[in-house]
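Contents: one structure, followed by commentary.
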Amino acid sequence: MSRLLIILALLGLTPLRADAQEYIEVPGLISDEAFYRLVACAAPPDGPCNKPFIRWPEDRRLSLRIGIAQIAPGFPDYRFDLVDVALDDAIDEINGAGAHLFLERAYEPPFDIPLHLVGARQGGRITGTGVPELDGSDIAIGRVAIRSRGAEITAAAIAISADIRRREIASVVLEELVQAMGLVTDIDSPAYERSIFAENGNSTVRLRGQDLAALRRHYPRL
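In terms of this note's numbering, the sequence shown opens at residue 19 and continues consecutively.
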């Protein structure tokens, strides 16, 4: 479970609150179509979308640069080492998913998706990232901020809390990156505890089943 903040920059469109439809409860397994719509546009089964569909534009989605932009003084060194490895693994997982995406690990800016390892602990407030959509917001384990114009994502940034537990790091980093692709809503159900989108779980480190199908559908190969 992470927390998502979406800032929509299209003139006249009301920005979504950080707590707007962060997850949807379902009683059990749902169809592939319903699952995709839930994670992509916050649609409950057989219901309308509560968020717009957003994607990285075609001219950027095969060259997205991902890197660690900040390591706050309060972020433990051993956790940085684990995040560093988890980031490589998450990039490999997404690149191998069969979607029309390619993420590149970058070590110097500019980054399309910067990771900020912040000094704030869970329940604290993010400061010092230089990202307006992150600074001043609270953090659970992680937070992703997405800015879009119309249906196109123009920027995204991720923050990871200083006290994230060792066993959650790999799952949270993968979840944040997948959400930064525009699949922005979690699912709350005992039937989906092994999903990367599980609201109450942070143990999944592979994209399988409906998770994988949703990413492929969001970025279909041409």
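We put the beta carbon where it would ideally sit given N, CA and C, even for glycine. Being a predicted model, the structure only gives us computed values, none of them experimental.
- DSSP places residue 197 in the helix class (H, G or I) of the three-state scheme.
- Here the alpha carbons of residue 172 and residue 124 stand approximately 18 angstroms from one another.
- Scanning its chain for C-beta atoms nearer than 7 angstroms, with the 5 sequence neighbours on each side dropped, one finds around residue 118 the residues 79, 237, 238, 239 and 240, in chain order.
- Residue range 170-178 is occupied by the beta strand (DSSP E) that includes residue 170, with no alpha helix (DSSP H) assigned at that position.
- Look at residue 232 here: in three-state DSSP terms it is helix.
- C-alpha of residue 225 to C-alpha of residue 217: approximately 16 angstroms in a straight line.
- In this structure, the alpha-carbon of residue 104 lies about 7 angstroms from that of residue 191.
- Unbroken beta strand (DSSP E) stretches of 3 residues or longer found wholly inside the stretch 64-109: 82-89, given in chain order.
- 228 is the residue among 228, 235 and 139 whose C-alpha sits nearest the C-alpha of residue 211.
- Residue 189 carries a helical assignment under DSSP once its states are collapsed to helix, strand and coil.
- The beta carbon of residue 113 lies closer than 8 angstroms to those of 119, 120 and 121 in the same chain, with the five residues before and after it left out.
- Residue state for residue 51 is assigned as helix, using DSSP reduced to three classes.
- For residue 81, the number of other beta carbons within 10 angstroms of its own is below 16, and it is reported as exposed.
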